[in-house]
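Please read the structure below before turning to the comments.
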Amino acid sequence: MQNHIENNLNRNITLYELSQCSNYSPWYSAKLFKEYIGKGPFEYIRLMRLTKSALELRDNDKRVVDVALDFVFDSHEGFTRAFKKEFGITPQKYKKDKPPIYLYTPYPIKEQYMLNKKIDKNNEDKVSENYFVQIMNFPKRKFILKRGIKVKNYFEYVNEVGCEIWGLLCSIKEALNEPIGVWLPEKFITEGTSVYVQGVEVTMDYCGIVPEGLEIITIPSCKMMVFQGEPFEDEDYNMAIKNISKAINKYNPSLYGYEWATDKLPSFQMELQGYRGYIEGHPVREI
Numbered sequence: 001m002q003n004h005i006e007n008n009l010n011r012n013i014t015l016y017e018l019s020q021c022s023n024y025s026p027w028y029s030a031k032l033f034k035e036y037i038g039k040g041p042f043e044y045i046r047l048m049r050l051t052k053s054a055l056e057l058r059d060n061d062k063r064v065v066d067v068a069l070d071f072v073f074d075s076h077e078g079f080t081r082a083f084k085k086e087f088g089i090t091p092q093k094y095k096k097d098k099p100p101i102y103l104y105t106p107y108p109i110k111e112q113y114m115l116n117k118k119i120d121k122n123n124e125d126k127v128s129e130n131y132f133v134q135i136m137n138f139p140k141r142k143f144i145l146k147r148g149i150k151v152k153n154y155f156e157y158v159n160e161v162g163c164e165i166w167g168l169l170c171s172i173k174e175a176l177n178e179p180i181g182v183w184l185p186e187k188f189i190t191e192g193t194s195v196y197v198q199g200v201e202v203t204m205d206y207c208g209i210v211p212e213g214l215e216i217i218t219i220p221s222c223k224m225m226v227f228q229g230e231p232f233e234d235e236d237y238n239m240a241i242k243n244i245s246k247a248i249n250k251y252n253p254s255l256y257g258y259e260w261a262t263d264k265l266p267s268f269q270m271e272l273q274g275y276r277g278y279i280e281g282h283p284v285r286e287i
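What the sequence shown shows, in the UniProt record's numbering, is residues 1 to 287, in sequence order.
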């Protein structure tokens with residue numbers, strides 16, 4: 001259902017066609033959708049359209065009225081009201097100033113289902129030792145981050161901080177890359193905050209808005225040893241993480257003239273996307 005919605009945001013979507021995707025009745029499809037997403041199908045569609053329209057306004061030189069019509073809003077006025085209610089800013093002002101806003105970034109139903117049902121994904125038949133490693137140079141940069149309190153990994157972070165922060169990070173136009181999860185060494189951790197954070201990297205000359213509740217730090221230039229696993233099915237994400245974690249624990253960087261520098265610099269993980277494999281990077285220094 002989520003894929004069907006994603007592919008058809010520019011036209012009217014009916015509950016009947018969503019039910020055809022799930023092979024359940026329209027009523028039961030809507031019930032399941034709300035159970036796993038936390039929002040009804042049509043509220044979800046509205047939020048997705050508003051989020052996609054915000055990205056269009058941010059990234060393309062389109063008139064507000066054209067974006068409104070592209071995403072099936074009845075009028076310029078109706079779109080403006082809905083946009084301001086959701087994001088706290090009119091689309092006209094957002095197009096002009098492009099401040100960070102809380103975009104809607106839903107969790108895939110399939111992954112939520114696997115978590116809720118606690119389906120065992122530790123199938124040893126799926127263990128893979130195929131991975132790619134490369135050394136990458138990272139320049140000195142700034143990092144806009146949201147700290148947690150006690151969290152040590154992505155799943156703990158989502159439970160404590162929530163998923164909404166990802167949408168806010170995605171809205172920062174000046175970001176060098178997509179948002180990432182980061183493990184901080186001790187010197188980057190402030191008292192009473194977590195080892196694991198989420199954020200986006202920006203250039204050293206960034207002078208844009210730092211959203212309320214977030215902060216900006218400087219990360220020195222460094223070399224990173226980046227591990228990338230093979231592509232995986234969405235339901236196998238847990239095993240994909242374990243495969244790379246196992247590879248990193250066994251890996252000896254000294255064979256290539258390096259040692260780990262995780263005591264001085266942050267490590268990172270990229271968003272789980274099955275088509276590209278799980279990606280995790282750790283700092284190294286020459287020996």
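C-beta: ideal position from N, C-alpha, C; glycine also.
Since the structure is predicted, the reported quantities are computational estimates derived from the model, not experimental observations.
The beta strand (DSSP E) with residue i in it runs from where to where?
i    : result
N60  : Here N60 belongs to no beta strand (DSSP E), and DSSP marks it neither H nor E.
I189 : Segment: none, I189 is in no beta strand (DSSP E) and carries neither H nor E.
S267 : 267-270
Q198 : 196-202
How many whole angstroms separate the CB atoms of residue i and residue j, which I take to be in contact at a CB cut-off of 8 Å?
i    : j    : result
P283 : M224 : 6 Å
F73  : F79  : 4 Å
S171 : P100 : 5 Å
G148 : V197 : 7 Å
E259 : P253 : 6 Å
L145 : Y102 : 16 Å between Cβ atoms; not a contact.
Does the separation of the CB atoms of residue i and residue j fall below 8 Å?
i    : j    : result
D234 : G274 : yes
F268 : I216 : no
V151 : E160 : yes
Y94  : L57  : yes
Y131 : Q228 : yes
R285 : E201 : no
Y206 : E174 : yes
E178 : E280 : no
N10  : F83  : no
So what does residue i bridge to, in DSSP terms?
i           : result
residue 318 : There is simply no residue 318 to check, as the chain begins at 1 and stops at 287 in what is shown.
I279        : Q228
F71         : Looking at the DSSP assignment, F71 forms no beta bridge with any residue, so it has no partner.
V182        : V197, F268
E215        : L145
R285        : E259
Please report the residue range of the alpha helix (DSSP H) in which residue i lies.
i    : result
T80  : 76-87
Y28  : 26-37
A247 : 237-250
N23  : Run containing N23: none; DSSP gives neither H nor E here.
D97  : 91-97
N7   : 2-7
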